[in-house]
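K.L.:
Encoded as structure tokens, here's the structure I'll be asking about.
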Amino acid sequence: MPQLTPAPSPRRHLLPAIAAVLTACGGGGGAATAAPSPAPSPAPPSTWTLVWSDEFNDAAGTVPKPANWTYDLGNAETGGWGNHELEYYTANARNAQTDGNGNLVITAEKASNAGPCWNGSPCAYTSARIHTNGKVSFTYGKVEARLQLPAGAGIWPAFWALGTDLASAGWPKAGEIDIMEFVGKTPNTVYGTLHGPGYSGAQGIGKPLDLGKPVSGEFHTYTIIKRPNEIIWQVDGVEYHRLAPANLPAGTSWVFEKPFFVVLNLAVGGDWPGSPDASTVFPAQMKVDWVRIYKEN
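Take the position in the sequence shown, starting the count at 1, then add 1; the result is the number in this note's numbering.
Have a look at this one:
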């Protein structure tokens with residue numbers, strides 16, 4: 002698998018908000034006051050080099066490129082993906098294809114012939130979940146996607162990352178970085194969260210961001226910046242969340258200094274979003290303008 006983003010050289014983390022002008026203390030009894038020391042120069046802004054992207058500029062009806070993406074399939078084998086979700090993930094073009102306008106469209110729709118759900122009944126919905134495991138990974142750098150999200154009760158789109166050692170380490174020891182999650186019951190809010198051993202599931206360490214208007218109304222860019230012992234979340238280039246090992250619960254481990262792969266999916270139902278109701282519109286569509294990975298210079 003191409004390992005795209007080696008560890009950067011040591012960074013200078015002087016933030017303008019905490020930089021201060023240092024002045025020497027004056028002596029007593031009329032002694033001359035030393036000239037103030039010059040303010041330290043702010044750290045230069047980060048610069049980035051694009052190392053991988055999928056722009057989805059293909060003809061309408063093109064499925065995700067096999068060189069970049071693999072499908073996750075099913076529902077019942079994993080107990081509704083561990084969340085009692087109600088969709089059956091397929092590799093059908095109906096559930097993931099380009100629209101000819103520069104977007105990959107992941108579609109969740111009602112289905113009468115889907116595979117079995119965790120509850121023993123046929124799933125009521127089909128959708129798609131794709132990932133880059135075994136094809137593209139990153140350890141450090143900037144990872145982002147420009148997305149337009151669907152709305153509605155029970156709708157749960159996500160853009161996230163998992164450790165490439167998932168098969169051997171298992172979840173949550175492999176680590177999970179939720180770059181963006183959205184649930185229809187909080188229409189103005191997106192979430193960024195970390196999951197690891199001792200802080201997973203409902204105990205994940207996350208932060209919501211209220212955009213002040215419906216998230217689903219337009220495209221937004223969702224980003225993480227991953228550096229040694231630090232992960233930063235941004236929406237439309239503005240930071241709203243930052244975590245480091247010191248932020249973890251006592252006695253737990255930071256498991257993020259290793260390669261991760263990218264996941265895109267559109268779930269329906271589950272423990273967190275709840276079930277769709279009569280107001281939920283299907284088909285529901287998550288549009289992906291692009292996914293990009295950069296290295297820091």
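Backbone N, C-alpha and C fix where the C-beta goes; we use that ideal spot for every residue, glycine too. In this text the structure is predicted, and so the values were computed from the model without any measurement.
Considering only residues of the same chain and omitting the five flanking positions on each side of L105, which have a CB-CB separation below 6 Å?
P.N.:
Cβ neighbours of L105 beyond the five flanking positions: F57, T99 and V289.
K.L.:
Which same chain residues, not among the five before or five after A152, have their C-beta less than 7 Å away from its C-beta?
P.N.:
Same-chain partners within the cutoff: G185, P188, P215 and S217.
K.L.:
Three-state secondary structure (DSSP) at E78?
P.N.:
E78 falls in the helix class under three-state DSSP.
K.L.:
Looking at C-alpha atoms only, which residue of A129, G135 and H221 is the closest neighbour of A97?
P.N.:
For A97, the nearest C-alpha among the options comes from A129.
K.L.:
Assuming W291 and R95 make a contact with CB atoms under 8 Å, what is their CB distance in whole Å?
P.N.:
So it is not a contact: roughly 22 Å between Cβ atoms.
K.L.:
Distance check for E88 and P250, CA to CA, integer angstroms please.
P.N.:
Going by the C-alpha atoms only, they are around 33 Å apart.
K.L.:
Relative to the C-alpha of F283, which candidate in L210, K174 and A154 has its C-alpha closest?
P.N.:
Closest by alpha carbon: A154.
K.L.:
Check S138 in the structure and name its three-state DSSP category.
P.N.:
S138: strand per DSSP, three-state reduction.
K.L.:
Have a look at G75 and P46 and give me their C-alpha separation to the nearest angstrom.
P.N.:
If I take the Cα positions, the gap works out to 44 Å.
K.L.:
Which stretch, first to last residue, makes up the alpha helix (DSSP H) that contains S169?
P.N.:
First-last of the alpha helix (DSSP H) with S169: L167 to A170.
K.L.:
Mind checking Q204: buried by the 16 CB within 10 Å criterion, or exposed?
P.N.:
So Q204 counts as exposed.
K.L.:
Alpha carbon to alpha carbon, how far is W172 from A61?
P.N.:
Between W172 and A61, the C-alpha separation is close to 36 Å.
K.L.:
What separation, rounded to the nearest whole angstrom, lies between the Cα atoms of N248 and L195?
P.N.:
C-alpha separation (whole angstroms): 11 Å.
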